[in-house]
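Here the structure comes first, spelled out in structure tokens, and everything after it is commentary.
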Amino acid sequence: MTSTLSEDRYFEPARRDLARRLYDTVKHLPLICPHGHVDPAMLAAPHYDYGSPVDLLIIPDHYIFRMLYSHGIALEALGIPRLDGQPVEQDHRRIWQVVADHWHLFRGTPTGIWIRDELATVFGIDEKLTSASAQRIYDQIAEKLAQPEFQPRALFERFNIEVLATTDPATSTLEHHRALRESGWPGRVIPTFRPDAVVNLDTEGWRDQIARLSEITGIDIHDYRSYLAAIQERRVYFKSMGATATDHSAVEASTERLSDAEAEAILSRALRGAASAEDARRFTAHMLNEMARMSAEDGLVMQLHIGALRNHNPRIFARFGRDKGADIPVATEYTRALKSLLDDVGNHPNVTIILFTLDETTYSRELAPLAGHYPALRLGPPWWFFDSLYGMRRFFEAVVANGGIYNTAGFNDDTRAYPSIPVRHDVWRRASADWLAGLVQRHIVDEADALEMIHALAYGLAKEAYRLNG
Amino acid sequence: MTSTLSEDRYFEPARRDLARRLYDTVKHLPLICPHGHVDPAMLAAPHYDYGSPVDLLIIPDHYIFRMLYSHGIALEALGIPRLDGQPVEQDHRRIWQVVADHWHLFRGTPTGIWIRDELATVFGIDEKLTSASAQRIYDQIAEKLAQPEFQPRALFERFNIEVLATTDPATSTLEHHRALRESGWPGRVIPTFRPDAVVNLDTEGWRDQIARLSEITGIDIHDYRSYLAAIQERRVYFKSMGATATDHSAVEASTERLSDAEAEAILSRALRGAASAEDARRFTAHMLNEMARMSAEDGLVMQLHIGALRNHNPRIFARFGRDKGADIPVATEYTRALKSLLDDVGNHPNVTIILFTLDETTYSRELAPLAGHYPALRLGPPWWFFDSLYGMRRFFEAVVANGGIYNTAGFNDDTRAYPSIPVRHDVWRRASADWLAGLVQRHIVDEADALEMIHALAYGLAKEAYRLNG
Amino acid sequence: MTSTLSEDRYFEPARRDLARRLYDTVKHLPLICPHGHVDPAMLAAPHYDYGSPVDLLIIPDHYIFRMLYSHGIALEALGIPRLDGQPVEQDHRRIWQVVADHWHLFRGTPTGIWIRDELATVFGIDEKLTSASAQRIYDQIAEKLAQPEFQPRALFERFNIEVLATTDPATSTLEHHRALRESGWPGRVIPTFRPDAVVNLDTEGWRDQIARLSEITGIDIHDYRSYLAAIQERRVYFKSMGATATDHSAVEASTERLSDAEAEAILSRALRGAASAEDARRFTAHMLNEMARMSAEDGLVMQLHIGALRNHNPRIFARFGRDKGADIPVATEYTRALKSLLDDVGNHPNVTIILFTLDETTYSRELAPLAGHYPALRLGPPWWFFDSLYGMRRFFEAVVANGGIYNTAGFNDDTRAYPSIPVRHDVWRRASADWLAGLVQRHIVDEADALEMIHALAYGLAKEAYRLNG
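Residue numbers (the numbering used here), protein chains in the order written: chain A, -15 to 454; chain B, -15 to 454; chain C, -15 to 454.
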């Protein structure tokens, strides 16, 4: 497929040639996707039906519908399903038209360039998305999606994905991963162990989750010891299914070590539905330590995603549920908060903890200084609200002067928008090349070093940090 | 008037031509001035006497005298009046000389370029301000100020101001606005309702303010209900005089909904002079919600200016009073603090809240994510300590990647220095053009989009956000 | 010595010629080194033995060994001595090889460019440090160190150091400074009074320090009055030995004025070993005020280094002690915290306080606004984790728009790595020239102003702020 997109996009003109030279050495490298939210069912299905372009590109993408909502477009008008089953817009051509009519809102945003680049490089559509072109583009996408070469496994191969990690609840049977393994298709798709719903006591339906965990492990969870045993059992299972990492989400980075008696007491209250908010907070902080201890034993890389206050808008939450674009970052403290965890495992040779933040001020003040000292720490790439060209530049400028690139974990796309995967890696590779070209131009590194650095940023660091060589 | 100022000032050389092309499409657009501190008396007077150049340019400008003070020059030596009536320097030529002798202090600062550009483009003075040129320049300014074409209304027309909003206390009679309306002069000058002095219980003389509010509304304020009624009455009056917005200032962004009984109890304590600091804090937080509720009804746009710790220097405050360059920003939290307000009106179709911050770290972490979700929120431009070229660039780079430009409220000059108005808009327009040129060069947006964006930033967004189309 | 290093290193290509022109006017100016950690014994010795290249360049440099440690290299393998006297690597060639084998970790970091520039410009070694070149380079360094022209005093003269301040505990006899004075060598090396160990009650061995202070002053410290008298006595002595400044370190910027009775009570508890953590915190805060009061009397410039949480890693601290790369910054508040201090001396004509921060968010939000108002305040250059090219750029962009360059204290190298001194100044001078060239290109300042500004940044401001003209 050809594209009229500039081959020099995202490079500063003054260093275009050099950036291009660096970029060209990595643009065809396989994609390492160690963290994301692609549905494994998509790849497990022998034949997958994407639904309409809106089903694929709009309804699952909170980046898109949150922006439209901020300009007064009801989520119902965008086809977002209501929890109460009340009708929402079903005419997907009409939804697509609304999106196109407001596409100017995305000028200069990551979503704006991801969708443009995706239409061009994945779907071969070079026309600009406007009110006038909307229906033509809809037709073209729909037509492509029906073709065999757009089936998920075909795209996986075309995208040149070397490994794709999904994110899976602790109670998942991983049946899609099993089906994939049994299918004989050679694509490497691995699960990630995400125990938030059984660890964070204030999750809605936490006790149901525990019941499910008991059931799936065959361990009767009635106390702290059996609770830990069940989690441990699941880690073993995930690892056997190819997992190399766990993932943990929390509003704060607090870590703390409770005594066994305290942990037992809190869990006991939780099991009878009597845990307080403070119990939940302390138990989460304690379990981060406990999970790190397990990582020291089983070698699973531990990801920490810190700092999102979930479901900020109660009306949206009541009507549409979670992940509807209403999670908002908060200021986060790491230096003191992570101390308990790092006292335990920060010097441990078998532990890798990858930190993600929604507070950019901590890059240079706390995270790079911590990662530049503790062997166990690596920094994840700019996350969520910061996965823009400017966000990446700020990350490079703030992190690297402290800790270099080798205490980072390279890139991950963190997306649930499957066809956007190559585009997101491409933006990162271009941003990296542009930044490195700037270092070369100013004689901070030489070109030979920059060539090794671009390879590390584009490929090597993620593979190594997530232990994907095995 | 001609000027030897570079027509390409403030553009990066590498994108100069493109920036210039964008800028040229907006440089002559009318000025939208929806927030500022120009004295309406200036425009209401049939003939206005500016006093000396120092009266106009130095004595009211805390940006200037705070810098000089920081280098050991007493405010008395700059003619700043003392509260106790003790003599201060009266020789304005001498004051002007002191300023010129220290003009190097302003190198690289916004004040440095505002004054230079203002002398050149408003007064036609291209000579550099130095010790040697000081008196010549003083003469030239004085001469101009005496000319009819430098009268405030003539400048208003020459500046091509489409609308100018002043900021007025809730108890103002708005007599100057009334005089202006009755004068037959067609310039649009509108008030803004700023109720801080009657809302913030810890204002010096709050009870006097309430007495004044009772008097002007004819409502005997003796309880919470009559207090709200008086405020409501004033909003109606301001709106009838053309106001489209209110303005609220607070150290913290805290919002909270008190029960009527609590509000009543606090107000009652305040009315008898017995409110505590905590009462004041909670009442301010509550009244922000209350004002937002009123905005939902009357459609006045609500501005929040958050984060200045006022009167940090007690010696300066005791000797010279407020607004003497001793207000200092503090770190501010919005995500949790605004939740109560947003729970109430964040999804309301009739509410627009424009947020200003003195904590740049919140641009990308809290404000853009909030504005990129809630229909009621817009972000004001870089405020006060951040109204520099670099401050504008950081604003663009931090805000837009999250929420695009269309969740901002464009520009406002926020100045009490009347002749600096066109210069401040010009700096913003140039900074916008420069930044957009960078987006075009890197193929993030195309030039057609950039042309629409520069128009929005220079003109359209402010007009729309402040509901000035009516 | 010649070097193949680019003469245009660290300049943006688009403004290279202009930056070079500015830089060339200051590159040969003498070095003002008003704050650092060079051992005065090095200069006092008639003949100084540096030991091996590793003794000079690796073992004292926590920037280097913290990075290697973060990648799993034990500090023992780098020759860092253990507190328990257990053996560590003694083969310095082997240590050097390990460093070179991991030199890629420093790509893009300040350490990477300091060492490269130092090898080239101080040692005349242009070869790149790699595994292959390691031993050759080791030989070359060792050979140079044995030459008379590499003796500390010879380097001092070659480096063109006009004045070098060391940092010395309050209880120091300053015998090396005395020896230097008596030697007849004309180099100006002055002490700095750093009383942390006698002021911060939670210092290990605080009571031993007090005993030492009693001994050296001949004042029996048994109450608050005698404690202050002893400190005062030492200030007089340091000043007599050439000191122009004091230096104070604290985790927080808190300042507070205790009553004499409170101060007495806390000190009394401390003297009998019964002070609490809260006592220590409040006493430190109080003593900052007290020291400022003494500065108002004796004119010693007061440096505040705020925001490092020391010894974050208990294993490293237990095994190797302090200053082993495990100090981590924390978020810091200044606006409220410094209020007590500034209420006391902020307007005092005889006081200069130079603030250093490890929280870059405070540059524009708190520090520049404070320094742009209070006559007593100046801002120190980017410190420690921020002394990189990007850190300097952020400093310029955040600080100067608020307060200009004239409220800064210019540069200081803050190093214990003696041969890196000229390189660090050179990086600052180049970064300054590059930034100023950007201002000139965009017509923010003219070239004549930029020439004065580069001189101030490179030389004048440090000399003036630290009162080194005397």
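Here a beta-carbon is modelled for each residue, glycine too, at the ideal position from N, C-alpha and C.
May I have the straight-line CA-CA distance separating residue i from residue j, to the nearest angstrom?
i: Ala280 of chain C; j: Arg172 of chain C; result: 25 angstroms
i: Ala61 of chain A; j: Tyr47 of chain A; result: 16 angstroms
i: Pro87 of chain A; j: Thr346 of chain C; result: In the sequence on display, residue 87 of chain A carries Trp and not Pro. Trp87 of chain A and Thr346 of chain C: Cα-Cα distance of roughly 37 angstroms.
i: Met(-15) of chain A; j: Arg377 of chain A; result: Summary for Met(-15) of chain A: the model assigns pLDDT 41, below 50, so the residue's position carries little reliability; its value from the coordinates is reported in the next sentence. Cα to Cα, the separation comes out at about 30 angstroms.
i: Val407 of chain C; j: Leu354 of chain A; result: 26 angstroms
i: Ile290 of chain C; j: Trp367 of chain C; result: 10 angstroms
i: Thr399 of chain C; j: Thr392 of chain A; result: 27 angstroms
i: Thr157 of chain B; j: Ile200 of chain B; result: 8 angstroms
i: Ala214 of chain B; j: Pro333 of chain B; result: 26 angstroms
i: Phe140 of chain A; j: Ile16 of chain A; result: 12 angstroms
i: Ala3 of chain A; j: Ala417 of chain A; result: 5 angstroms
i: Gly202 of chain C; j: Ile64 of chain C; result: 37 angstroms
i: Ile438 of chain A; j: Trp412 of chain A; result: 10 angstroms
Only counting the same chain, and skipping five residues up and downstream in sequence, which positions put a Cβ closer than 6 angstroms to that of residue i?
i: Ala254 of chain B; result: Leu185
i: Glu448 of chain A; result: none
i: Pro18 of chain A; result: Ala149, Asn396, Ala446, Tyr450
i: Arg241 of chain C; result: Asn273, Ser324
i: Asp101 of chain A; result: Val407
i: Gln124 of chain C; result: Ile109
Give me, in chain order, the residues of the same chain whose beta-carbon lies closer than 8 angstroms to that of residue i; leave out the 5 immediate sequence neighbours on both sides.
i: Asp282 of chain B; result: Arg219, Val220, Lys223
i: Ile312 of chain C; result: Ala292, Leu293, His296
i: Leu325 of chain A; result: Thr239, Leu272, Asn273, Ala276, Ile337
i: Pro14 of chain B; result: Asn144, Ile145, Glu146, Tyr443
i: Ser117 of chain B; result: Ala84, Glu111
Among residues of its own chain, excluding the 5 on either side of residue i, which ones have a beta-carbon nearer than 7 angstroms to its beta-carbon?
i: Glu248 of chain C; result: Asp207, Tyr208
i: Leu284 of chain A; result: Phe177, Arg219, Lys223, Ala227, Thr228, Ala229, Thr230
i: Ile205 of chain A; result: Ile194, Leu197, Ser198, Tyr211, Ala214
With distances taken Cα to Cα, identify the nearest neighbour of residue i among the options.
i: His12 of chain B; options: B:Tyr450, B:Leu423, B:Tyr443; result: B:Tyr443
i: Pro359 of chain C; options: C:Glu73, C:Pro132, C:Tyr390; result: C:Tyr390
i: Phe340 of chain B; options: B:Asp101, B:Asp231, B:Leu129, B:Gly69; result: B:Asp231
i: Leu452 of chain C; options: C:Tyr402, C:Ile250, C:Ala227, C:Gly330; result: C:Ala227
i: Pro153 of chain A; options: A:Pro179, A:Thr316, A:Arg120, A:Glu166; result: A:Pro179
i: Met286 of chain B; options: B:Ile250, B:Asp307, B:Ser243, B:Gly330; result: B:Gly330
i: Ser455 of chain C; options: C:Ala258, C:Ala269, C:Ala234; result: The question about residue 455 of chain C has no answer here: the residues shown for chain C are numbered -15 through 454.
i: His76 of chain A; options: A:Arg66, A:Asp263, A:Gln119; result: A:Gln119
i: Leu41 of chain B; options: B:Ile79, B:Tyr53, B:Ala302, B:Ala25; result: B:Ile79
So, is residue i buried or exposed, given that buried needs 16 or more other C-beta atoms within 10 angstroms?
i: Ala195 of chain C; result: exposed
i: Thr(-12) of chain C; result: exposed
Next on the checklist: So if I threshold CB-CB distances at 8 angstroms, which residues from the segment 78 to 92 of chain C count as touching chain A?
Outcome noted: His88, Leu89, Phe90, Arg91, Gly92
Checklist entry - Going along the segment 425 to 447 of chain A in order, which residues come within less than 8 angstroms of chain C, judged by CB to CB distance? => result Gln425, Arg426, His427, Ile428, Val429, Asp430, Asp433, Glu436, Met437
Item to check | Contact set between the segment 330 to 362 of chain A and chain B, restricted to residues whose Cβ is under 8 angstroms from the partner | outcome: Leu342, Asp343, Glu344, Thr345
Checklist entry - Between the segment 386 to 406 of chain B and chain A, which residues of the former have a C-beta closer than 9 angstroms to a C-beta of the latter? => result Asn386, Gly387, Gly388, Ile389, Tyr390, Asn391
Item to check | Residues in the segment 287 to 311 of chain B having any Cβ partner in chain C nearer than 7 angstroms | outcome: Leu293, His296, Asn297, Pro298, Arg299, Gly309, Ala310
Next on the checklist: Under 8 angstroms, CB to CB, which of the residues in the segment -3 to 10 of chain A have a partner in chain B?
Outcome noted: Pro(-3), Ala(-2)
Next on the checklist: Against chain A, which members of the segment 375 to 386 of chain B pass a CB distance test of less than 7 angstroms?
Outcome noted: Glu381, Val384, Ala385, Asn386
Checklist entry - Which residues, in chain order, does the segment 167 to 179 of chain A contribute to contact with chain B at a C-beta distance below 8 angstroms? => result none
Checklist entry - If contact means a Cβ-Cβ distance below 8 angstroms, which residues of the segment 56 to 70 of chain A contact chain B? => result Gly56
Checklist entry - At a Cβ cut of 7 angstroms, what residues of the segment 126 to 148 of chain B count as close to chain A, listed as they run along the chain? => result none
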